[in-house]
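S.K.:
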Amino acid sequence: MNSLKNLRPFTGGMGIFFLVWFGQLVSLTGSGLTSFALGVWVYQRTGSVTQFSLILLFAMLPTVLISPIAGALVDRWNRRWCMIVSDSGAGLTAVAIAVLIATGNLEFWHIYLAVSLSAIFKAFQLPAYTASTSLLVPKEDLSRATGMVQSGQACAQLFSPLLAGVLLGVVQLSGVIFIDFASFLFALTTLLLVQFPDAKTAAVSEKGKASVWREAIEGWTYIAVRPGLLALLILFAINNFVFGLIEALFTPLVLTFTNVNVLGTIQSLGGAGMLMGSVVMSIWGGPRPLIRGIFGFVFLSQLCILALGLRTSAPLFALANFLLFFCVPFVNGYCDAILLRKVAPYIQGRVFATINMVCFSSIPLAYVVAGPLADRIFEPLMAANGLLAGSIGQIIGVGPGRGIGLLFITMEVLVMLVTVAAYRYPRLRLVEEELPDAI
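What follows is the structure, encoded as structure tokens:
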């Protein structure tokens, strides 16, 4: 019994980071199982794409709205306990859904409420997890550590849909949610077994709650007064907007020339590309300076999207999608590594929350404009008798899907020009030299 009293949470560097990372990997996979299963459950019962899309909206919008306040609070609180509470809240949400299923009382609004609550917990968990990396990992290993974070997300993206499809036929929706809850318990256990080094936290003024709003704004101010970081954020927001367009229009485009099975194969290859990119980055680390790696892989990803608009070929789409997602871990990981080095630990929660808010908000905007742009403008232009059928149509073809292809090409040409202009901006190109390391 005395030995139990002497137990203390483990402390350390990369070993502790690996344990936390593995717990979060299991949790992410479990969350992916539930997200996929709930989406299938709703669509099978309604046949409504709108009802299905509402799940995506409710799963993202609360994170966008609450991120600034969440970031300020993360910087005030102990980040390990912030992750513990967030994982616990998400786990209890899963339990509530399981109880509703078991009692036969589950309704659609319950699901929307549940995913919204999970999104709120995610708004706290993400900046706490990211900001904790600089506390656990030596500066020289940050790029490898962020590569591991990206690989965790890639594994969840790759394996969750595959596992959920199998598990739904074996243990049904309630069993999938039980597995998700078990994954939260595992992540919670890993966090309880470790101890994070202390970080200087934000000071609390006498005004109490009023200062939270001021501190929330400080995340944006910290970025805005550093032109290199601000330019990096703008570049990411623009590229996220394009990724949102791709996410909304990729499936309709592929289904204009092939079937659902081929679509699934192409999407799985994208997940495999992201996983391979994450592994390579974790081993390699990256070039010096890292900003060159960001621009190199951003430009390669833009070429891949451009290729999607040129031809209706399943092999071309498979290769382009693999390379596109292969680039994602490098771009995200190098950006995180730069920020973790250049942003003071005491304000990292607010800074990463601000970045999440700006970048995530560009994706719903893309969802909103993607349909009208494709249906009302670009598809009519590339119809058999469309205005551009006799010109551009002679190069990329005409008919269903070719308007979406032209939209991809148009957007990527514009974004590639923006990327070249951004690289010529000295404050961004030299951001690693001009800004001193904060850790």
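Taking the working numbering, the leading residue of the sequence shown gets 241, the next gets one more, and so forth.
Virtual Cβ for every residue (Gly too), placed ideally from N, Cα, C.
(1) Check the C-beta distance from P302 over to I351 and give it rounded, since I have them as a contact under 8 Å.
(2) Run the CB neighbour count on T333, radius 10 Å, all protein chains shown included, and call it buried at 16 or more, exposed below.
(3) Would you kindly report the start and end of the unbroken alpha helix (DSSP H) that includes Q634?
(4) Between D615 and L294, what straight-line distance do the alpha-carbon atoms span, to the nearest angstrom?
(5) Nearest to I463 by alpha carbon, out of M656, G279, V598?
(6) When you compare each of L259, K582, S275 to I531 by their alpha carbons, which one comes out closest?
(7) Can the beta-carbon of I534 be found less than 8 Å from the beta-carbon of C575?
(8) Answer with buried or exposed for S307, where buried requires no fewer than 16 other C-beta atoms within 10 angstroms of its C-beta.
(9) Which whole-angstrom value is the C-beta distance of S275 and F424, which I expect to be below 8 Å?
(10) What residue range does the alpha helix (DSSP H) around D327 cover?
(11) Per DSSP, which residues does V280 bridge with? Please list them.
(12) Go to F537, then tell me how far its alpha helix (DSSP H) extends in each direction, as first and last residue.
(13) Which one of L515, F600, G549 has the shortest CA to CA distance from L619?
(14) Suppose the cutoff is 7 Å on Cβ atoms and the five residues either side in sequence are ignored; what does the same chain contact list for L675 look like?
(15) Hey, quick one: how far does the alpha helix (DSSP H) through E672 stretch, first residue to last?
(16) What number of angstroms, rounded off, separates the C-alpha of I341 from the C-alpha of F426?
(17) Please classify S518 as buried or exposed, where buried requires at least 16 neighbouring CB atoms within 10 angstroms.
(18) Helix, strand or coil, according to DSSP, for V571 in the structure here?
(19) Just to confirm my understanding: we take L475, look at its own chain, exclude 5 residues before and 5 after, and list those with CB closer than 6 Å. What are they?
(20) Let me make sure I understand the geometry here. Which of G626, P569, C544 has the alpha-carbon closest to that of M656?
(21) Say the cut is 7 Å; is the CB of T274 nearer than that to a heavy atom of the ligand HEM?
(22) Assuming T491 is part of the alpha helix (DSSP H), what are its boundary residues?
(23) Might you give, ordered along the chain, the residues of its own chain that have their beta carbon closer than 8 Å to the beta carbon of A558, omitting 5 neighbours on each side?
(24) So, with DSSP's three-state summary, where would you put V609?
(25) Kindly indicate which three-state DSSP category A450 falls into: helix, strand or coil?
(26) Quick check: what's the CA-CA separation for L493 versus N345?
(27) Quick one: using the 10 Å Cβ neighbour count with 16 as the cut-off for buried, is N572 buried or exposed?
(28) For S216, count neighbouring C-beta atoms within 10 Å of its own C-beta (all shown protein chains included) and say buried if the count is 16 or more, exposed if not.
(29) With C-beta atoms as the reference, is T552 less than 8 Å away from F497?
(30) Can you have a look at A624 and say buried or exposed, based on whether 16 or more other CB atoms are within 10 angstroms of its CB?
(31) Can you tell me whether V406 is helix, strand or coil according to DSSP?
(32) Exposed or buried, A584, counting other C-beta atoms within 10 Å across all chains shown (16 or more means buried)?
(33) Whose C-alpha, out of I309, T269, L382, V538, is nearest the C-alpha of F523?
(34) Tell me which residue opens and which closes the alpha helix (DSSP H) that M656 is part of.
(35) Could you tell me whether the region 407 to 421 touches the region 429 to 438, using the rule of 3 or more Cβ pairs below 8 Å?
(36) Going by DSSP, what residue range makes up the alpha helix (DSSP H) through V434?
M.R.: Per the coordinate set shown:
(1) Counting from one through the sequence shown, the residue named residue 302 turns up at place 62. Counting from one through the sequence shown, the residue named residue 351 turns up at place 111. Incorrect: roughly 14 Å between the Cβ atoms, too far for contact.
(2) Here residue 333 refers to the residue found at position 93 of the sequence shown. Buried, because 16 or more other Cβ atoms sit within 10 Å of the Cβ of T333.
(3) Position 394 of the sequence shown, counted from the first residue, corresponds to residue 634. Start and end: 633 to 636.
(4) Position 375 of the sequence shown, counting from 1, holds the residue named residue 615. Position 54 of the sequence shown, counting from 1, holds the residue named residue 294. Going from the Cα of D615 to the Cα of L294 covers about 20 Å.
(5) Locating residue 463 in the sequence shown gives position 223, where the first residue counts as 1. Minimum Cα distance to I463 is reached at V598.
(6) If you number the sequence shown from 1, residue 531 lands on position 291. Nearest C-alpha to I531: K582.
(7) For the purposes of this step, residue 534 is taken as the residue at position 294 of the sequence shown. For the purposes of this step, residue 575 is taken as the residue at position 335 of the sequence shown. The answer is yes: Cβ separation under 8 Å.
(8) Counting from one through the sequence shown, the residue named residue 307 turns up at place 67. Under this definition S307 is a buried residue.
(9) The residue given as residue 275 occupies position 35 in the sequence shown. The residue given as residue 424 occupies position 184 in the sequence shown. That pair is no contact at about 14 Å.
(10) Translated into positions along the sequence shown, residue 327 becomes position 87. Residues 319 to 342.
(11) Sequence index remark: in the sequence shown, residue 280 carries index 40 (1-based). V280 pairs with nothing; no bridge assigned.
(12) Indexing the sequence shown from 1 puts residue 537 at position 297. That run of the alpha helix (DSSP H) goes 530 to 548.
(13) Residue numbering aside, residue 619 sits at position 379 when the sequence shown is read from its first letter. Residue 619 is actually Glu in this sequence, not Leu. The residue with the shortest Cα to Cα distance from E619 is G549.
(14) Position 435 of the sequence shown holds residue 675. These residues qualify, in order along the chain: R466, G468, K582.
(15) Along the sequence shown, read from residue 1 onward, the residue named residue 672 stands at position 432. Taken as a continuous stretch (DSSP letters only), the alpha helix (DSSP H) holding E672 covers 671 to 674.
(16) Position 101 of the sequence shown, counted from the start, is the residue given in the question as residue 341. Position 186 of the sequence shown, counted from the start, is the residue given in the question as residue 426. Roughly 23 Å between the two C-alpha positions.
(17) On the sequence shown, residue 518 is found 278 positions in, with the first residue counted as 1. Around the beta-carbon of S518, 16 or more other beta-carbon atoms lie within 10 Å, marking it buried.
(18) One-based indexing of the sequence shown puts residue 571 at position 331. V571 falls in the helix class under three-state DSSP.
(19) On the sequence shown, position 235 is the one that residue 475 refers to. Cβ neighbours of L475 beyond the five flanking positions: A662.
(20) Numbered from its first residue, the sequence shown carries residue 656 at position 416. Ranking the options by Cα distance to M656, first place goes to C544.
(21) Ligands displayed in this structure: none; no statement on the ligand HEM is therefore possible.
(22) Counting from one through the sequence shown, the residue named residue 491 turns up at place 251. Secondary structure note for T491: its alpha helix (DSSP H) is the uninterrupted segment 467 to 494.
(23) In the sequence shown, the residue the question calls residue 558 occupies position 318. Within the same chain, A558 has close Cβ partners T505, I506, L509.
(24) As a first step, residue 609 must be located in the sequence shown, where it is residue number 369. Helix at V609.
(25) Along the sequence shown, one-based indexing puts residue 450 at 210. Low local confidence applies: a pLDDT of 46 at A450 is under 50, so the model's placement there is unreliable, and no value is given.
(26) Mapped onto the sequence shown, residue 493 falls at position 253. Mapped onto the sequence shown, residue 345 falls at position 105. Cα-Cα distance, rounded: 38 Å.
(27) Residue 572 sits at position 332 when you count from the first residue of the sequence shown. Answer is buried; the Cβ neighbour count reaches 16.
(28) Here the chain comprises residues numbered 241 to 679, so residue 216 is not present and cannot be evaluated.
(29) Locating residue 552 in the sequence shown gives position 312, counting from the first residue. Locating residue 497 in the sequence shown gives position 257, counting from the first residue. Cβ atoms of T552 and F497: closer than 8 Å.
(30) Along the sequence shown, one-based indexing puts residue 624 at 384. With fewer than 16 other Cβ atoms within 10 Å, it is exposed.
(31) Here residue 406 refers to the residue found at position 166 of the sequence shown. Looking at V406 - three-state DSSP - the assignment turns out to be helix.
(32) Counted from its first residue, the sequence shown places residue 584 at position 344. When all chains shown are included, A584 counts as exposed.
(33) The residue given as residue 523 occupies position 283 in the sequence shown. Checking the displayed sequence, the identity of residue 523 turns out to be Ile instead of Phe. When only C-alpha atoms are compared, the closest one is L382.
(34) Looking up residue 656 in the sequence shown gives position 416. Its alpha helix (DSSP H) spans residues 642 to 663.
(35) In short, these stretches do not touch, since the Cβ pair count stays below three.
(36) Here residue 434 refers to the residue found at position 194 when the sequence shown is read from its first residue. Counting along the chain, V434 falls outside any alpha helix (DSSP H), and DSSP gives it neither H nor E.
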